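The block underneath contains the structure these notes are about, expressed in structure tokens.
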Amino acid sequence: MDRNKNYVKNQRFYLKIFTKILFAIRILIVLLPQTGYIQPDEFHQFTEPLARKIFNVKTLIVWEFHQDHLLRSMVFPQIFCGLVFKLINYFYSQDPSSISSYGILIVPRLIMALFSFLIDFSLIRIAKLFQMNRRLSQNIPNLIDWLGLIHSSMYLTMTYYNRTFTNTIETVLFSLLLWIVFESISRHHSVKVQSNRTAIYLGMILAAGFFNRPTFAIFAFVPISYWIVMFRFKRNQIPSFWNERIRIVIENVLKLSPSFLMVSIVFIIFDSNFYDRLKWSINLPKLISLDLVITPWNFIRYNIDRDNLSNHGLHPFYFHTLICFPLIFTFLALINYLEWLRLLCKILRNNNRMYALLQFFSPSSSSNNANDDSSSFLIIVLHLTILFSLLGFSLIPHQEPRFLMPLVVAVIVVSGPRLIRIVQSNHTKFFISLWFLTQLPLTIFYGFLHQSGVTQSLLYLRANHHKELYDSKQNITILFNQMYLPPQHLLLLSHSSNVIIKDYSIEPFLSSITSTLNESFEKLRRAERIKLFIILPSYFDQLLQAVIDQLCQINQISDCFLKPLRNFLHFSGENFHQSISLLQGREPEFDLEEYKIFRKQFKISDTKLQKSLERFLSFANKSNRITKLKRAFGMSVWMIDLIHIGANKNGP
Numbered sequence: 000m001d002r003n004k005n006y007v008k009n010q011r012f013y014l015k016i017f018t019k020i021l022f023a024i025r026i027l028i029v030l031l032p033q034t035g036y037i038q039p040d041e042f043h044q045f046t047e048p049l050a051r052k053i054f055n056v057k058t059l060i061v062w063e064f065h066q067d068h069l070l071r072s073m074v075f076p077q078i079f080c081g082l083v084f085k086l087i088n089y090f091y092s093q094d095p096s097s098i099s100s101y102g103i104l105i106v107p108r109l110i111m112a113l114f115s116f117l118i119d120f121s122l123i124r125i126a127k128l129f130q131m132n133r134r135l136s137q138n139i140p141n142l143i144d145w146l147g148l149i150h151s152s153m154y155l156t157m158t159y160y161n162r163t164f165t166n167t168i169e170t171v172l173f174s175l176l177l178w179i180v181f182e183s184i185s186r187h188h189s190v191k192v193q194s195n196r197t198a199i200y201l202g203m204i205l206a207a208g209f210f211n212r213p214t215f216a217i218f219a220f221v222p223i224s225y226w227i228v229m230f231r232f233k234r235n236q237i238p239s240f241w242n243e244r245i246r247i248v249i250e251n252v253l254k255l256s257p258s259f260l261m262v263s264i265v266f267i268i269f270d271s272n273f274y275d276r277l278k279w280s281i282n283l284p285k286l287i288s289l290d291l292v293i294t295p296w297n298f299i300r301y302n303i304d305r306d307n308l309s310n311h312g313l314h315p316f317y318f319h320t321l322i323c324f325p326l327i328f329t330f331l332a333l334i335n336y337l338e339w340l341r342l343l344c345k346i347l348r349n350n351n352r353m354y355a356l357l358q359f360f361s362p363s364s365s366s367n368n369a370n371d372d373s374s375s376f377l378i379i380v381l382h383l384t385i386l387f388s389l390l391g392f393s394l395i396p397h398q399e400p401r402f403l404m405p406l407v408v409a410v411i412v413v414s415g416p417r418l419i420r421i422v423q424s425n426h427t428k429f430f431i432s433l434w435f436l437t438q439l440p441l442t443i444f445y446g447f448l449h450q451s452g453v454t455q456s457l458l459y460l461r462a463n464h465h466k467e468l469y470d471s472k473q474n475i476t477i478l479f480n481q482m483y484l485p486p487q488h489l490l491l492l493s494h495s496s497n498v499i500i501k502d503y504s505i506e507p508f509l510s511s512i513t514s515t516l517n518e519s520f521e522k523l524r525r526a527e528r529i530k531l532f533i534i535l536p537s538y539f540d541q542l543l544q545a546v547i548d549q550l551c552q553i554n555q556i557s558d559c560f561l562k563p564l565r566n567f568l569h570f571s572g573e574n575f576h577q578s579i580s581l582l583q584g585r586e587p588e589f590d591l592e593e594y595k596i597f598r599k600q601f602k603i604s605d606t607k608l609q610k611s612l613e614r615f616l617s618f619a620n621k622s623n624r625i626t627k628l629k630r631a632f633g634m635s636v637w638m639i640d641l642i643h644i645g646a647n648k649n650g651p
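Per numbering that gives the first Met the number 0, the very first residue in the sequence shown carries number 0; after that it's consecutive.
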């Protein structure tokens, strides 16, 4: 007996140590920094619009922030990043050029990483409620510490949590909501004393979550509905008369309303002010009559139109269930599905369907433990929350894995005990290795590989060419092509800067290069020198050199210097086929119609372009395997220096 106690005590000690190490890694991994670029929304719905307002720098304002849409609430971005950006701007107001892009990148991420620890806090508090249930905890020693370790070791905590996604904020808010709901339901005494305070907290979280992302309502529906019905009663004290039940439901909804409305008003005022729709006035009627911005309404109105969603990609209804859910939660999702399958089989075999459902979650009939009784119903709430959320999001045609992030606490509590049992089986080392061999590659992929050349090239230009970029006498153009939308604020170029940024990130290669160069050739008639920085995937390197070689010959450019500056590791799933083609010895393909227009416009024969291309490919084909890998999975930064045009130049 003492030996077993010592084992449990030692196990708990090591679990806590490993969890704290992972906590430290969650912070330190932000400082490296992570160069991976998960999805454009992490910048363009958060730091990009803020940087434009606070630093007055060049940025790309995406459609969601245009005056005819205004879908995104900027209250949370202003809280997390706005205050810090204003402090940085204040301290560097005398010398804005000395602001570090590295700092602008990692400070918001560091704040988000610290904020994410509220998810750990909520998970631990909820896990304590379920540890009391012998059936649900499966008599696992140190269950709370195990669940904490599972959460801390997930790739989500190392990547998504430290990014400026509104989904991360939604995850924190929903975790807190689950904790407050479960705490209030499981408390069998002093309920009336706690009722008003709990309702205030829940109303505030509901409003904040809804304005942050209106999809928060889908996640919150089941737990809030359960709270409204069960809030003031033990299970055996639920009124038997419908009129009494309805009265209680209305009463609880009304308890939520004041704090919900107050927080909603705060969000509306701050968003209206951010979008310059609000002019402060002492006259209240005049204030109310102004064109206020209600972002959730704009969001819902836009997203219920299927034609609008088709611009962002439509997915089949099963995409969340079969792809997104397993991708986000890996083995936990598989265990969750197996639990549902086991439940379905149990229900189908039992004539009394409801009894089978309750028996599946409840402890043995011999148990008289009130905690067992209460937490069994809470686990049903978690299962229904996951199921309802999956069904709800599956009805929305545009689907992404990160949309399901807020389910993380529910999934861990539901599937975690079964995973722990598997880990503690006879093949402990194998399953622990399998878990980490799943989470580690995904951390590396999303943290350091996926679209990583985008942020690296921006940080490089800012760090190594900022003097040129800040020189008002220079004629400089920066071209981005074939990548995720670059977060231009990392360049920290003043809005009044002469530098021209051509964001052709999702445009075809040939048209982007030729149109930019043609504009530069026209400018060169009036300028002594023009410099271009071109950032594009490295598999276009040889084709870029061939096209520029032809265009310079046609325009009779006497001095055209093309210089490769840097090559960064970069993985693009959207253009993965191009990388594979290059490794197989074939050059990247481009649109044939675009190619015909290119030839016709500049009167280039196939033979001419082919000879030029072969000249640049002759070196590439002799290159070793490492060089080919760099081209296949790299992002190149090129500099083109145009000195002057020949005297007898004929315009294109």
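Glycine included, every Cβ here is placed at the ideal spot set by N, Cα and C.
These numbers were taken from a predicted model, which means no experiment stands behind them.
Comparing alpha-carbon positions, which option in the options lies nearest residue i?
i	options	result
Gln555	Pro95, Glu521 and Lys472	Glu521
Leu564	Leu343, Met634, Pro295 and Val292	Met634
Leu122	Leu176, Met111, Tyr89 and Gln93	Leu176
Ile168	Phe75, Arg341 and Tyr483	Phe75
Leu637	Leu550, Asp540 and Gln438	The residue asked about is misnamed: residue 637 is Trp in this sequence, not Leu. The shortest C-alpha separation from Trp637 is found at Asp540.
Ala332	His382, Asn310, Arg300 and Asp290	His382
Thr515	Ile499, Ile505 and Arg524	Ile499
Ile26	Thr58, Phe17 and Phe116	Phe116
Ser432	Ser152, Asn195 and Pro396	Ser152
Ile547	Ser519, Ala526 and Ser571	Ser519
Pro440	Val413, Ala207, Leu155 and Arg624	Leu155
Pro140	Arg51, Asn9, His426 and Leu550	Asn9
Leu59	Tyr503, Gln77 and Ser174	Tyr503
Pro222	Asp290, Glu527 and Ile179	Ile179
In whole angstroms, what separates the C-alpha of residue i from that of residue j?
i	j	result
Gln398	Asp640	44 Å
Leu490	Tyr445	23 Å
Tyr317	Leu394	9 Å
Asn5	Phe12	10 Å
Asp270	Arg212	14 Å
His319	Pro400	7 Å
Pro416	Ser309	40 Å
Thr214	Thr294	12 Å
His464	Phe447	24 Å
Tyr89	Ser493	16 Å
His65	Pro48	11 Å
Ile505	Phe328	30 Å
Met482	Ala545	21 Å
Ser364	Phe376	With a pLDDT of only 41 at Ser364, under 50, the local geometry of the prediction cannot be trusted, and the value read off the model is given with reservation. Approximately 15 Å, taken between the alpha carbons.
Cys344	Ser424	25 Å
Lys501	Phe181	52 Å
Tyr336	Leu21	28 Å
His314	Pro396	5 Å
His569	Ser174	34 Å
Ile143	Arg246	38 Å
Ile411	Trp434	14 Å
Phe129	Phe402	26 Å
Lys629	Ile443	18 Å
Leu390	Glu338	17 Å
Any idea if residue i is buried or exposed, counting beta-carbon neighbours within 10 angstroms, 16 or more meaning buried?
i	result
Ser631	A quick correction: the sequence has Ala, not Ser, at residue 631. Classification for Ala631: buried.
Asp40	buried
Glu573	exposed
Trp62	exposed
Pro486	buried
Asp119	buried
Gly81	buried
Thr513	buried
Thr427	exposed
Asn3	exposed
Lys57	buried
Contact check, residue i vs residue j under 8 Å by CB: the rounded distance?
i	j	result
Asn297	Leu69	5 Å
Ile385	Ala409	5 Å
Tyr36	Val422	So it is not a contact: roughly 33 Å between Cβ atoms.
Val29	Phe114	Val29 to Phe114, Cβ: 12 Å. No contact.
Thr163	His488	Actually they do not touch by this definition, with Cβ atoms about 12 Å apart.
Quiz prompt | Every unbroken alpha helix (DSSP H) inside the stretch 151-212 [4 residues or more] | solution = 154-157, 165-185 and 190-211, all fully within the stretch 151-212.
Exercise. Would you list, in sequence order, the uninterrupted alpha helix (DSSP H) runs of no fewer than 4 residues that lie entirely inside the stretch 18-69?
Key: Here the runs fully enclosed are 47-54.
Practice problem: Any chance you could list the alpha helix (DSSP H) runs of at least 4 consecutive residues sitting entirely within the stretch 537-563, in chain order? | Solution: Fully enclosed alpha helix (DSSP H) runs of 4 or longer: 540-553.
Practice problem: Tell me the start and end of each unbroken alpha helix (DSSP H) in the stretch 417-466 that is at least 4 residues and wholly inside, in chain order. | Solution: Entirely contained in the stretch 417-466, the alpha helix (DSSP H) runs reaching 4 residues are, in chain order, 427-443 and 451-463.
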